[in-house]
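With the numbering used here applied, the sequence shown covers 34 to 146. For every residue, glycine included, the Cβ atom is placed at its ideal position computed from N, Cα and C. Note that the structure is a prediction, hence the values are computed from the model and not measured.
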Amino acid sequence: MSACIFCKIIAGDIPSAKVYEDDKVYAFRDINPQAPTHILVIPKEHIPGCDAVTAENSPVVARIFEVIPAIAKAEGLQEGYRVVSNCGAHAGQTVPHLHFHILGGKPLSLEMA
Ligand code: DGP
C-alpha cells in the first residue's frame with residue numbers, strides 16, 4: 034500500500050469530504066481550511082509535485098484545470114477564488130502528491146510571501 038496520505042484518501046483508506054471525482058481527478062475539503070472554501074484538487078496518479086510534471090503526465094494537469102472552474106461554480110465562488118500549488122520546502126509543501134488548493138469565499142489577502 035502507498036505511504037502517501039493523498040493516495041490513501043483516493044483509495045478510501047483515509048476518509049475525506051469529497052467534492053468531485055472522475056477517473057483521473059479527485060477533490061476534497063482541506064482538513065485545515067485557510068478560507069471559507071478550501072478544496073484540494075489532486076490527480077489520482079501519484080505525481081510528487083509541480084517539479085514532477087512531464088509531457089507524459091501533464092494531460093491530468095490540464096484536466097484538473099478544467100475541473101477547477103466547475104468546482105468553483107458549484108461552490109458559488111462567482112466573486113473569485115485563488116488556485117495555489119506549493120512546490121518544495123520553501124513553498125511549504127507538506128504532502129508530496131501534486132495538489133492544487135482552491136481558496137475562496139471571502140476577499141483574500143494579496144500577500145504572496
Ligand atoms: P501543502 O502545504 O500545499 O502541501 O498542503 C497540504 C494540505 O493538505 C494542507 O492544507 C492540509 C491538507 N491535508 C493534509 N493531510 C490531510 C488529510 O488527511 N485530509 C485532508 N482533508 N487534508 C489534509
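Rounded C-alpha distance that separates I97 from V86: So the two alpha carbons sit approximately 13 angstroms from each other.
Check whether the Cβ of R96 sits closer than 7 angstroms to any heavy atom of the ligand DGP, and report yes or no. Checking the Cβ of R96 against the ligand DGP gives no.
Applying the criterion that 16 or more other CB atoms from any shown protein chain within 10 Å of the CB defines a buried residue, is V100 buried or exposed? With 16 or more other Cβ atoms inside 10 Å of its own Cβ, V100 counts as buried.
By the 10 Å Cβ neighbour count, where 16 or more other Cβ atoms means buried, how is I80 classified, buried or exposed? Of the other Cβ atoms in all chains shown, 16 or more fall within 10 Å of the Cβ of I80; this residue is therefore buried.
Apart from the five residues just before and just after P76, which ones in its own chain have a Cβ nearer than 7 angstroms to its Cβ? So the list reads K57, V58, V93, I97, L131, once near-sequence residues are dropped.
Could I get the ranges of all uninterrupted beta strand (DSSP E) runs contained in the region 39 to 91, with 3 residues as the minimum, in chain order? Runs of the beta strand (DSSP E) inside the region 39 to 91: 51 to 54, 58 to 62, 70 to 76.
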